[in-house]
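Since the structure comes first, as structure tokens, the remarks are kept for the end.
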Amino acid sequence: RIQNSEGASFESNLGRYVFANSRGFTSSYRTSSCGLGVMPIAKDNGSMERDYWHSAARSASRIESAEQVGRIAAERALRRLNPRRIPTQKAPVVFEPRTARSFLGDLFDAVSGSAIYRHASFLAGMLGERIASEALTVIDDATIPGLFGSTPFDDEGVAARRTIVIERGLLKSYLLNTYSARKLGLKTTGNASRGITGNAGVGPGNFFIEAGEMAADKIISGVRQGLYVTELIGASANTVTGDYSAGAAGLWIENGELAYPVSEITIAGNLKQMLMNVEQVGADLEFRASIAAPTLLIREMTISGQ
């Protein structure tokens, strides 16, 4: 039932990053990356669906084989065939790691010092307070060897470090460059990020949700009825209010099993409630980018269907 493909790609990059500033700091380090991806098209009884799988790492020896990438992509496309519409309702939502990473990217924007000092984040003034469930610990660590966000120093020459942002639901730290740190009366966390021109902003090292102990299939088996999200379309989060919405596709969960594909739906909630409603964090953390997350179970979100 795999009828065609929108193409496959392989990329390999090797370079050296050199940084110097007016304070006398000069240093450099080598960088590398490899990636392999494919997007197959599946057809069945008038239904046509596509999906994508991509494996990436710092070295070619650490990426999945072409056979693995192709098989996973094909399986993902096939399971989307003949999707159903579902009625609007409130239900548990399980984010697979790829879509959970998007949610974590919105959280990064909310803990970024540039948003905090401008009071453009719902987390401004919340240091030391509970902002999430005890199941959630979020870390930024640029010192882990071999990952995409790993670096010896940030883009202001500040040594890389490990920062616990959220510890068992408590907001422990924002992520700061020197400018935002000064504005807030805090110390930089070594998260300056910049291009060739312009002032430094705030960027992630390796920003991730600490893995839990439960396998993804065990998390799904504990959901009587809910949504397993495999794709987000046009996700939008307001970091000031926390309002969140996204077009979505995935699989409907019935009695702890993935029952059938669903599409043309929108999920909505508020980041503040979503953080507090994290019930389970999976053990399947994989670093495919500088932002990474395992499977997440959110207790309840609004799912808009037909």
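So that you can map any letter, position 289 of the sequence shown is 291 in the numbering used here, and since no number is skipped, the others follow by simple counting. Every residue gets a Cβ at the ideal spot worked out from N, C-alpha and C, and that includes glycine.
Please classify residue i: does DSSP put it in a helix, a strand, or coil?
i: Glu77; result: helix
i: Ser30; result: strand
i: Ile118; result: helix
i: Tyr230; result: strand
i: Gln5; result: strand
i: Ala202; result: coil
i: Leu186; result: helix
i: Ile141; result: strand
i: Gln308; result: coil
i: Arg103; result: helix
i: Leu298; result: strand
i: Leu273; result: helix
i: Ala237; result: strand
i: Arg132; result: strand
i: Tyr246; result: strand
i: Ala218; result: helix
i: Glu259; result: strand
Please classify residue i as buried or exposed, where buried requires at least 16 neighbouring CB atoms within 10 angstroms.
i: Asn84; result: exposed
i: Glu69; result: exposed
i: Asp46; result: exposed
i: Thr199; result: exposed
i: Phe105; result: buried
i: Asn257; result: exposed
i: Val140; result: buried
i: Ser152; result: buried
i: Tyr230; result: buried
i: Gly127; result: exposed
i: Ala22; result: exposed
Using a Cβ-Cβ cut-off of 8 Å (strictly less than) and excluding sequence neighbours within five positions of residue i, which residues of its own chain qualify?
i: Ile43; result: Ile4, Gln5, Asn6, Ser7, Glu8, Met50, Glu51, Arg52 and Ala79
i: Gln282; result: Ala137, Gly214, Met216, Ile221, Gly224, Thr297, Leu298 and Leu299
i: Ala294; result: Pro99, Arg103, Leu106, Asn208, Phe209, Phe210, Ile211, Leu287 and Glu288
i: Tyr54; result: Gly39, Val40, Met41, Ala75 and Arg78
Is the Cβ-Cβ distance between residue i and residue j less than 7 Å?
i: Ile211; j: Ile269; result: no
i: Leu16; j: Ser29; result: no
i: Ala144; j: Val242; result: no
i: Ile300; j: Asn208; result: no
i: Pro94; j: Gly228; result: yes
i: Gly244; j: Leu273; result: yes
i: Lys92; j: Glu302; result: yes
i: Ala250; j: Leu234; result: yes
i: Tyr119; j: Ser182; result: yes
i: Val326; j: Ala62; result: It is not possible to answer for residue 326, since the shown part of the chain is limited to 3 through 308.
i: Cys36; j: Ser67; result: no
i: Arg86; j: Val264; result: yes
i: Ser292; j: Phe150; result: yes
i: Asp157; j: Ala117; result: no
Excluding five sequence neighbours on each side, which residues of the same chain lie with their C-beta closer than 6 Å to the C-beta of residue i?
i: Ser238; result: Ser247
i: Gly236; result: Gly249
i: Gly148; result: Arg60
i: Pro172; result: The sequence shown places Leu at residue 172, rather than the Pro named in the question. Arg132.
i: Ile166; result: Ile141 and Lys174
Tell me which residues share the same chain as residue i and place their Cβ nearer than 7 Å to its Cβ, disregarding the 5 neighbours each side in the sequence.
i: Met278; result: Ala134 and Ser135
i: Pro89; result: Gly307 and Gln308
Check whether the Cβ of residue i lies closer than 7 Å to any Cβ atom in chain D.
i: Arg290; result: This model lacks chain D altogether, as it is built from one protein chain only.
Check whether the segment 224 to 231 touches the segment 155 to 163, counting contact only when three or more Cβ pairs, one atom from each stretch, lie closer than 8 Å. Short answer: they don't touch.
Report yes or no: do three or more beta-carbon pairs, one from the segment 129 to 139 and one from the segment 194 to 207, lie closer than 8 Å? For the pair of segments examined, the segment 129 to 139 was found not to touch the segment 194 to 207: the number of CB pairs separated by less than 8 Å stays below three.
Any contact between the segment 108 to 120 and the segment 169 to 183? By contact I mean 3 or more CB pairs, one from each, below 8 Å. Yes, the segment 108 to 120 touches the segment 169 to 183.
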